[in-house]
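Inspection log for the structure reproduced underneath, given as structure tokens.
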């Protein structure tokens with residue numbers, strides 16, 4: 026599948042393309058943009074970079090909202106962490122997609138492992 030986001034898209038148009046009108050997805054992406062620099066300063070594209078990763082992982086609309094609200098408990102740091110975990114190769118795209126669809130869950134042991142991996146690779150990533 027071709028990506029939805031194009032190089033000429035700004036944050037607003039990227040959010041619209043990715044959200045499929047889902048308000049939880051819009052909230053998640055808005056918060057990613059607002060908090061990305063503080064939480065993940067190594068992401069040179071900031072919040073739009075995290076949104077572009079979701080596009081490359083083919084996670085859209087309600088699935089973004091589910092990932093944010095249910096999998097990550099509404100914690101934007103956890104959402105950025107899990108996106109980075111997948112982007113850095115510590116989690117398969119299939120697992121992230123399963124989490125976004127509610128067919129998979131993570132326990133605290135997995136969260137601790139993913140956090141350790143991301144902090145090892147990206148020491149600037151915000152610690153708890």
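Numbering (the numbering used here), first residue to last: 26 to 153. Even for Gly, the Cβ is constructed at its ideal location relative to N, Cα and C.
- Message: Considering just the uninterrupted stretch of the alpha helix (DSSP H) at residue 77, what are its terminal residues?
- Response: 71-81
- Could you name the residues of the same chain whose beta carbon sits closer than 7 Å to that of residue 105, not counting the 5 residues immediately before and after it, in chain order? 57, 61, 64, 65, 75
- Task: Verify whether the separation of the beta carbon atoms of residue 10 and residue 30 is less than 7 Å.
- Result: Lying outside 26 to 153, the shown extent of the chain, residue 10 is not represented and no answer is given.
- With burial defined as no fewer than 16 other Cβ atoms inside 10 Å of the residue's Cβ, what is the status of residue 81: buried or exposed? exposed
- Task: With residue 145 as the anchor, note down where its alpha helix (DSSP H) starts and where it stops.
- Result: 133-146
- Task: Rank 101, 128, 110 by C-alpha distance to the C-alpha of residue 138 and give the top, closest one.
- Result: 110
- With DSSP as the reference, label residue 117 as helix, strand or coil. coil
- Query: With a CB to CB cut of under 6 Å and the five nearest residues on each side skipped, what residues in its chain are close to residue 50?
  - Reply: 44, 86, 89, 90
- residue 68 to residue 54, Cα distance in whole Å? 15 Å
- Do you know offhand how far residue 99's Cα is from residue 92's? 9 Å
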